[in-house]
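Enquirer: There's a structure below that I have some questions on.
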Amino acid sequence: MKADRTSLSDLLRVSGFKATEGRVEVLGLFIKAGRPLSQMQIMEMLGPRLDRASVYRILSAFTEAGLLHMAYVDGRHRVYELPDKCGHSHCHPHFSCRSCGMTACLEDFQVKCKGSIGKGFVAERQKVLIEGLCPGCKGK
Ligand SMILES: [Zn+2]
Ligand SMILES: [Zn+2]
Numbered sequence: 043m044k045a046d047r048t049s050l051s052d053l054l055r056v057s058g059f060k061a062t063e064g065r066v067e068v069l070g071l072f073i074k075a076g077r078p079l080s081q082m083q084i085m086e087m088l089g090p091r092l093d094r095a096s097v098y099r100i101l102s103a104f105t106e107a108g109l110l111h112m113a114y115v116d117g118r119h120r121v122y123e124l125p126d127k128c129g130h131s132h133c134h135p136h137f138s139c140r141s142c143g144m145t146a147c148l149e150d151f152q153v154k155c156k157g158s159i160g161k162g163f164v165a166e167r168q169k170v171l172i173e174g175l176c177p178g179c180k181g182k
């Protein structure tokens with residue numbers, strides 16, 4: 043996906059959104075980052091240009107429209123990503139650095155599931171989160 047203004051505006055329009063400055067910026071951040079981002083990280087990257095409520099509204103609307111999906115919830119932080127690597131019911135595992143909050147998609151990491159989830163239960167989605175230290179924080 044390209045992150046220039048025209049591509050971003052087209053993508054927004056196809057998904058039923060008006061290409062406002064805020065939406066273009068938030069979507070552009072995800073495409074440029076190529077990794078999951080939390081609302082906090084997005085706020086830091088944007089600086090004072092968008093307030094918390096606007097960012098929240100954009101993220102919620104994007105998630106509802108399928109432009110983003112929620113990768114996982116880390117404590118009180120929701121972490122979002124572009125859905126290009128995920129199917130509807132299957133999502134790859136994620137890594138979260140407990141020191142700097144950096145997140146990564148673990149596409150080659152296999153989680154083997156064995157056994158039954160129990161009679162009467164219906165599994166809809168699997169979310170796996172590996173926590174630890176990223177290469178940048180490991181040596182500190
Ligand atoms: Zn780190
Ligand atoms: Zn991911």
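Residue numbers are given in the numbering used here: position 83 of the sequence shown equals residue 125, and the series is strictly consecutive.
By construction, the Cβ of each residue, glycine as well, lies at the ideal position given by its N, Cα and C atoms.
1. When the Cβ atoms of the segment 105-125 are set against those of the segment 75-92, are three or more pairs found closer than 8 Å?
2. By how many angstroms is the C-alpha of Ala165 removed from the C-alpha of Ala103?
3. Going straight from the alpha carbon of Gly58 to that of Lys127, what length do you get?
4. Using 8 Å for Cβ pairs, my map puts Met174 next to Arg118. What's the rounded Cβ distance?
5. Alpha carbon to alpha carbon, how far is Val97 from Ala146? Give it in angstroms, no decimals.
6. Going by the C-beta, is His136 closer than 7 Å to any heavy atom of ligand 2?
7. Leaving aside the five residues before and after Phe72 along the sequence, list all residues of the same chain whose C-beta is less than 8 Å from its C-beta, in chain order.
8. Roughly how many angstroms separate the alpha carbons of Lys180 and Lys60, rounded to a whole number?
Expert: Taking the structure as given:
1. Contact between the segment 105-125 and the segment 75-92 is present, because at least three Cβ pairs lie under 8 Å.
2. Each residue's alpha carbon lies about 25 Å from the other.
3. Distance between the alpha carbons of Gly58 and Lys127: 22 Å.
4. Residue 174 is actually Gly in this sequence, not Met. The C-beta separation of Gly174 from Arg118 comes to about 20 Å, leaving the pair out of contact by the 8 Å criterion.
5. Rounded to whole angstroms, Ala146 to Val97 spans 21 Å at the Cα level.
6. Under cutoff, so the answer is yes.
7. Cβ neighbours of Phe72 within its own chain (closer than 8 Å, five residues either side excluded): Leu79, Leu110, Tyr122, Glu123 and Leu124.
8. The straight-line gap from Cα to Cα measures roughly 43 Å.
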